[in-house]
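Worksheet for the structure shown next.
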Amino acid sequence: MGQERVKPPLCHTPFRLLDVVDTTNSTASLVWLKPEHDGGSRIRGYVVEFRAKGTDNWIVYGETKLQKILVEGLSENTEYDFRVKAKNDAGISEPQSTFSSVVIKEPRIEPTADLRPSRAMTEYSCSK
1 MGQERVKPPL CHTPFRLLDV VDTTNSTASL VWLKPEHDGG SRIRGYVVEF RAKGTDNWIV
61 YGETKLQKIL VEGLSENTEY DFRVKAKNDA GISEPQSTFS SVVIKEPRIE PTADLRPSRA
121 MTEYSCSK
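If you count the sequence shown from 1, position 13 lands on 13 in the working numbering, and the numbers rise without skipping.
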């Protein structure tokens with residue numbers, strides 16, 4: 001009687017977080033936390049996908065063993081959705097998507113210093 005190999009179940013629990021932490025005019029930096037449960041089989045990597053907002057076609061960007069990736073080659077001023085799937089010996093999990101779409105552009109950094117002239121710089125006095 002042949003023995004059938006039993007595969008562990010996929011990790012169906014969603015990720016706890018997937019976030020875009022930085023963008024440039026052509027890249028997005030993604031980070032995520034691994035799923036709470038792996039279905040009894042160690043997670044071997046992650047599949048990262050993206051699509052332009054409003055389209056149905058998910059594009060596989062690549063795979064990584066890390067819980068972060070830099071997605072390159074994106075179009076500036078275009079809005080994208082991102083998602084990640086975990087891989088283990090049983091297959092690929094359900095995807096976890098970003099909470100909202102992200103516009104690819106250089107970050108605008110507001111100045112934090114007070115650039116107005118100070119009183120000391122505007123008052124002039126001479127003493128004899």
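Positions of the beta carbon are idealized from the N, C-alpha and C atoms, including for glycine.
- Message: Contact defined as beta carbons within less than 8 Å: I believe Phe-99 pairs with Tyr-80. What is the distance between those atoms, to the nearest angstrom?
- Response: So it is not a contact: roughly 13 Å between Cβ atoms.
- Buried or exposed: Leu-30, going by 16 or more other Cβ atoms within 10 Å of its Cβ? By the neighbour-count rule (16 or more Cβ atoms within 10 Å), Leu-30 is buried.
- Would you kindly check if the distance between the Cβ of Ile-43 and the Cβ of Asn-88 is under 8 Å? yes
- Given a cut-off of 8 Å, decide if Ala-86 and Pro-35 are closer than it, judged by their beta-carbon atoms. yes
- Could you check which residue in Leu-74, Gly-54, Thr-55 has the C-alpha nearest to that of Tyr-61? Nearest of Leu-74, Gly-54, Thr-55 to Tyr-61, Cα basis: Leu-74.
- Measuring CB to CB, does Trp-32 end up less than 8 Å from Val-84? yes
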